[in-house]
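Undergrad: My structure is below; once you've seen it, I'll send some questions.
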Amino acid sequence: MTLWIPIAIAAASFQTVRFMLQKVLSSVTLSSAGATFARFVYSAPVIWAGLLGYLAVSGQKMPALSATFWMFATIGGTAQILATVCVVALFRQRNFAVGITFKKTEVIQTALVGLVVLGDHITPLGWVAIVIGLCAVLVLSRTPENKGPWWRHLSSRASLLGLGSGVLFAFSAVSYRGASLQMEALEPAFRAGVTLAIVVSLQTLFMLVWLNWREPGEIARVWAARRVAIWVGLTSMAGSFCWFWAFTLQNAAYVKALGQVELLLSLLASVLFFKEQITRREILGMGLLILSILALVLAI
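Residues in the sequence shown are numbered from 1 upward in steps of one, following full-length UniProt numbering.
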């Protein structure tokens with residue numbers, strides 16, 4: 001089924017816009033956690049309105065959700081929260097395009113997590129892709145002010161945030177696919193809507209409790225920044241629905257691999273909107289990562 005291809009491309013496009021908006025929020029208005037909370041709290045009402053509207057028009061009812069579904073949804077939602085906080089914090093360390101590239105180690109790691117959690121097989125060419133991806137990360141982790149052995153560069157804050165977000169996003173993607181597969185009797189779009197509504201509700205609750213405990217003033221700032229934050233929520237809703245829909249149709253590693261089109265979109269955003277300079281080394285690193293993704297696509 002090829003429907004997942006345009007859906008995944010749409011998801012990557014929405015996600016690029018959302019990260020641009022979150023970069024603005026985190027740099028002038030909100031903390032990393034606040035910018036993350038904004039994407040959930042402003043998207044949850046729209047998601048539920050859409051799901052309830054679909055139920056009313058179609059005459060269907062909410063499906064019974066198993067304990068396994070709730071387990072996958074909780075793991076995926078929590079991992080995505082932590083991953084998004086890492087990405088927003090990463091924007092303060094490096095420029096926009098390279099920040100997204102670090103985050104995109106999730107594609108390689110999704111294949112590994114899928115192998116462990118869902119039993120997805122990795123071919124020899126797949127391992128070649130993983131090695132190329134590792135080389136790309138090593139190139140990108142070397143900042144101009146850092147000198148010395150490569151392992152020192154890999155331990156920099158920017159590298160750790162990027163790699164950490166990749167691991168967490170990989171777990172969230174595989175978990176979301178695992179959750180949607182618990183409702184195989186339903187049509188894919190409906191499964192995606194139900195899973196997304198439950199996950200975003202859990203994420204909103206988790207973030208609300210956390211901010212009220214650790215950053216109580218941030219909740220008010222999220223409301224004060226609503227003119228921009230609401231667009232973060234809407235683009236998050238559109239992108240997340242497309243990701244979830246694609247996950248119900250295809251292996252998560254396939255979907256995330258195709259989502260690498262976001263690399264090119266983020267590069268354009270970095271140059272055109274944020275007026276940032278991309279070095280030759282960074283272009284080389286992104287080129288290697290794209291090559292690893294192409295190899296991964298051929299391997300799966």
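Virtual Cβ for every residue (Gly too), placed ideally from N, Cα, C.
Among the candidates ALA8, TRP4, THR2, whose CA atom is the shortest distance from the CA of GLY259?
TA: For the purposes of this step, residue 259 is taken as residue 259 along the sequence shown, with counting starting at 1. Out of ALA8, TRP4, THR2, ALA8 has the C-alpha closest to the C-alpha of GLY259.
Undergrad: Give the C-beta separation of TYR176 and THR195 to the nearest angstrom, bearing in mind that I take them to be a contact with Cβ-Cβ under 8 Å.
TA: As a first step, residue 176 must be located in the sequence shown, where it is residue number 176. As a first step, residue 195 must be located in the sequence shown, where it is residue number 195. Between THR195 and TYR176 the Cβ distance is about 6 Å, and since that is below 8 Å, they are a contact.
Undergrad: Would you say the region 61-70 touches the region 181-189, given that touching needs at least three Cβ pairs under 8 Å?
TA: Counting Cβ pairs under 8 Å, three or more are found: they touch.
Undergrad: Could you round the C-beta distance between ARG18 and VAL199 to whole angstroms and report it? I think they count as a contact, below 8 Å.
TA: To locate residue 18, count along the sequence shown from 1; it is residue 18. To locate residue 199, count along the sequence shown from 1; it is residue 199. Between VAL199 and ARG18 the Cβ distance is about 16 Å, and since that is not below 8 Å, they are no contact.
Undergrad: Where does the unbroken alpha helix (DSSP H) through GLU218 begin, and where does it stop?
TA: For the purposes of this step, residue 218 is taken as the residue at position 218 of the sequence shown. Run containing GLU218: 216-224, per the alpha helix (DSSP H) assignment.
Undergrad: Would you be able to state if there are at least three C-beta pairs under 8 Å between the region 226-241 and the region 42-54?
TA: Verdict: yes, contact present.
Undergrad: Whole angstroms is fine: what's the gap from GLU215's alpha carbon to ARG226's?
TA: Sequence index remark: in the sequence shown, residue 215 carries index 215 (1-based). Sequence index remark: in the sequence shown, residue 226 carries index 226 (1-based). Computed Cα separation, rounded: 18 Å.
Undergrad: May I have the straight-line CA-CA distance separating LEU234 from SER43, to the nearest angstrom?
TA: In the sequence shown, the residue the question calls residue 234 occupies position 234. In the sequence shown, the residue the question calls residue 43 occupies position 43. Roughly 6 Å between the two C-alpha positions.
Undergrad: Work out the CA separation of LEU284 and SER76 for me, nearest whole Å.
TA: Within the sequence shown, numbered from 1, the residue matching residue 76 stands at position 76. Within the sequence shown, numbered from 1, the residue matching residue 284 stands at position 284. In the sequence under discussion, the amino acid at residue 76 is Gly, which differs from the Ser named in the question. Spanning the two alpha carbons is a distance of roughly 32 Å.
Undergrad: For the ligand NAD, is there any heavy atom lying closer than 7 Å to the beta carbon of GLY126?
TA: With respect to the ligand NAD, the structure offers nothing, as it holds no ligand at all.
Undergrad: Assuming contact is defined by CB atoms lying nearer than 8 Å, are GLU262 and GLY34 in contact in what I supplied?
TA: To locate residue 262, count along the sequence shown from 1; it is residue 262. To locate residue 34, count along the sequence shown from 1; it is residue 34. Contact flag unset, no.
Undergrad: Ends of the alpha helix (DSSP H) at ALA185?
TA: Residue mapping note: residue 185 aligns to position 185 of the sequence shown, counting from 1. Segment: none, ALA185 is in no alpha helix (DSSP H) and carries neither H nor E.
Undergrad: Does the count of Cβ pairs from the region 56-65 and the region 251-258 closer than 8 Å reach three?
TA: Cβ pair count under 8 Å is below three, so no.
Undergrad: Would ALA170 and THR110 qualify as a contact pair, given that the criterion is a beta-carbon distance under 8 Å?
TA: Here the question's residue 170 lines up with position 170 in the sequence shown. Here the question's residue 110 lines up with position 110 in the sequence shown. Yes, these two residues count as a Cβ contact at 8 Å.
Undergrad: Taking DSSP as the reference, what is the three-state secondary structure of TRP150?
TA: Here residue 150 refers to the residue found at position 150 of the sequence shown. No answer about TRP150 holds up, because its pLDDT of 49 lies below 50 and its placement is not dependable.
Undergrad: Under the rule that 16 or more other beta-carbon atoms within 10 Å means buried, what is TRP4, buried or exposed?
TA: One-based indexing of the sequence shown puts residue 4 at position 4. Answer is buried; the Cβ neighbour count reaches 16.
Undergrad: From PHE206 to THR84, what does the alpha carbon distance come to, in whole angstroms?
TA: Taking the first residue of the sequence shown as 1, we reach residue 206 at position 206. Taking the first residue of the sequence shown as 1, we reach residue 84 at position 84. Taking the straight line joining both Cα atoms gives about 14 Å.
Undergrad: With distance defined between alpha-carbon atoms, name the residue in CYS135, VAL222, SER236 nearest to GLU282.
TA: Sequence index remark: in the sequence shown, residue 282 carries index 282 (1-based). Checking every option, the nearest Cα to that of GLU282 belongs to CYS135.
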